[in-house]
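Chains A and B supply the protein sequences, listed in that same order.
1 is the number of the first residue of the first sequence in full-length UniProt numbering; add one for each residue after it.
1 is the number of the first residue of the second sequence in full-length UniProt numbering; add one for each residue after it.
Ideal Cβ positions, reconstructed from N, Cα and C, are used throughout, including at glycine.
Protein chains: 2
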Amino acid sequence: MTSQPAEPPPRRGRGRPGHDQAAVLRAAVELFNRKGYDATSMGDLAKELGLTKPAIYHHVTGKEQLLGQALDDALDELTAVVTEAFREQAGRSAYERLREVVRRSVEVLVAHQPSVTLLLRVRGNSEVELAALERRRWLDDRLAALVTDAVAEGALRDDVPATLVSRLLFGMVNSLVEWYRPDGAYDRAMVADAVTAIAFDGLARHETRV
Amino acid sequence: MTSQPAEPPPRRGRGRPGHDQAAVLRAAVELFNRKGYDATSMGDLAKELGLTKPAIYHHVTGKEQLLGQALDDALDELTAVVTEAFREQAGRSAYERLREVVRRSVEVLVAHQPSVTLLLRVRGNSEVELAALERRRWLDDRLAALVTDAVAEGALRDDVPATLVSRLLFGMVNSLVEWYRPDGAYDRAMVADAVTAIAFDGLARHETRV
DNA sequence: CCTACCGATCGGTAGG
DNA sequence: CCTACCGATCGGTAGG
Chain A
1 MTSQPAEPPP RRGRGRPGHD QAAVLRAAVE LFNRKGYDAT SMGDLAKELG
51 LTKPAIYHHV TGKEQLLGQA LDDALDELTA VVTEAFREQA GRSAYERLRE
101 VVRRSVEVLV AHQPSVTLLL RVRGNSEVEL AALERRRWLD DRLAALVTDA
151 VAEGALRDDV PATLVSRLLF GMVNSLVEWY RPDGAYDRAM VADAVTAIAF
201 DGLARHETRV
Chain B
1 MTSQPAEPPP RRGRGRPGHD QAAVLRAAVE LFNRKGYDAT SMGDLAKELG
51 LTKPAIYHHV TGKEQLLGQA LDDALDELTA VVTEAFREQA GRSAYERLRE
101 VVRRSVEVLV AHQPSVTLLL RVRGNSEVEL AALERRRWLD DRLAALVTDA
151 VAEGALRDDV PATLVSRLLF GMVNSLVEWY RPDGAYDRAM VADAVTAIAF
201 DGLARHETRV
């Protein structure tokens, strides 16, 4: 091994277009989602960016760092939604807070779809993935607690266990990442309305609603 | 390709424990789900079975064949559910057929959870995966058509586009594979009831139901 | 000659 | 940012 100067500052006005770290991350996340993390090689990423493989390592320290940054992005956004529901909405009923969490979660899913998609596919194959799973578990526990509170208030049906309700509700919300496309037929607000309506009122036509 | 005698009967009383093709497949699917297909090596599978890697090739022709068999299993089961809804239930309303499809889908998901989980994670990275995606798309189209019919009957709400309803409904159903465990707290019928109740009637408590 | 394997290694490619 | 490579490991197969 030869010693090597660490990270020269990015030159302007010379050399190639100048991809920055964010552009590499965006392209990486797009590929990770399209082909899967393991099936994506750093060579694939280089080709996508019009660089050589070694050139990527000028911008990022490695493949797993790219994954970690994407997972942190998704987790930070979702954590903000959940934290807010408990902190800033303390005066409202659990039912109202749950509706708000569902709506805001949908908005995060569509606004940060690529990184959230990666998060939902994490299997725990590395330290980075295990750390993400731990944060995700914390979120799931908070959401389940909110559902339990809403059932206890009498706002939600009590003929199904609250943990099961929570899993199915957020299973539906999370399924958005499988098909939602920002340039598709449905805009953000429309999807949020549809999810909230179907989740809380069901998809059957009712004669009377409360 | 060379012609080949199909499946010799398993010998008893001599040689090693005698893993058969089905046992290798079961172990492979379990590993594919736990670690991901690409992250699972044939060496991992060999270790799990207590064999050497070359020994696996006595039972199966390769890694991708294992994936293909699992995907076919899931697709065959789901295709049967959908086909039956159109063929054997022609006299019933679309709404009734849709409810039945949801219930039967839940049952297939929990009975064939490992292979269905693999199916839902396919990205199209190979011929085997592309073929599976094509069959899956056929299923999704049939299900969407059934939802459209149920809306046209007036049985389902018409304030949300039918394609969106279909995606959210089966997104919830499919999310089962993320957490359902056969040895867990919920049995098959309980989960099927919960999904159907929440999907069609919603999770809010209503004063009146139709 | 069969089966059920083993120790060793093939040609290629991964991340770095 | 490239050419030239590394240690390791991949899926799959050789002879015995």
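For a Cβ distance threshold of 7 Å, residue set Arg167 of chain B lies close to A/Trp179, ordered along the chain.
By the criterion of at least three beta-carbon pairs nearer than 8 Å, the region 48–66 of chain A is not in contact with the region 90–104 of chain A. Under DSSP, A/Ala204 forms a beta bridge with B/Leu156. In the three-state reduction of the DSSP assignment, A/Gly43 falls in the helix class, which pools H, G and I. A residue is called buried once 16 or more other Cβ atoms fall within 10 Å of its Cβ, and A/Glu129 is buried on that count. For B/Val191, the closest C-alpha among the options B/Val106, B/Glu30, B/Tyr57 and B/Pro161 is that of B/Val106. The three-state reading of DSSP puts B/Gln89 in coil, since its state is none of H, G, I, E or B.
No Cβ-Cβ contact shorter than 9 Å links A/Leu176 with A/Val147. Per the coordinates, the alpha-carbon of A/Arg181 lies some 8 Å from the alpha-carbon of A/Val110. Scanning its chain for C-beta atoms nearer than 8 Å, with the 5 sequence neighbours on each side dropped, one finds around A/Arg157 the residues Val151 and Val165, in chain order. With a cutoff of 9 Å on beta-carbon distance, A/Thr196 and A/Arg92 are scored as not near each other. Residues of chain B with a Cβ closer than 7 Å to the Cβ of A/Phe32 do not exist; the shortest Cβ-Cβ separation is about 10 Å. Relative to the Cα of A/Thr117, the nearest Cα in the group A/Pro54, A/Val82, A/Phe200 and A/Leu78 belongs to A/Leu78. Under the Cβ criterion of 9 Å, B/Gly68 is not counted among the residues facing chain A. Apart from sequence neighbours up to five positions away, the residues of its chain that approach A/Glu30 with a beta-carbon distance below 7 Å are Pro114, ordered along the chain. Interface criterion met: the Cβ of B/Lys35 is under 9 Å from a Cβ in chain A. If you check the CB distance, B/Val160 and A/Leu203 come in under 9 Å. Rounded to the nearest angstrom, the gap between the Cα atoms of A/Asp149 and A/Asp44 is 47 Å. When the alpha-carbon of B/Leu71 is set against those of B/Gly171, B/Ala162, B/Asn33 and B/Arg142, the nearest one is in B/Asn33. Assigned with DSSP and collapsed to three states, B/Trp138 falls in helix. Take A/Ala85, set aside five residues on each side of it, and the residues of its chain with a beta-carbon closer than 7 Å to its own are Arg97, Glu100, Val101 and Leu146, in chain order. Contact annotation for A/Ala155 against chain B: Ala204 and Arg205 [CB-CB distance below 8 Å, chain order]. The C-beta distance from A/Met42 to A/Lys53 rounds to 5 Å, short enough to meet the 8 Å contact threshold. Within its own chain, the residues whose Cβ lies closer than 6 Å to the Cβ of A/Thr40, once the five positions on either side in sequence are excluded, are Leu31 and Phe32, listed in chain order. Residue contact check for A/Ala197 against chain B: a CB pair falls below 9 Å.
Counting along the chain, the unbroken alpha helix (DSSP H) around A/Tyr95 starts and ends at Ala94 to Ala111. By the CB criterion at 9 Å, B/Leu75 and B/Arg136 fall inside the cutoff.
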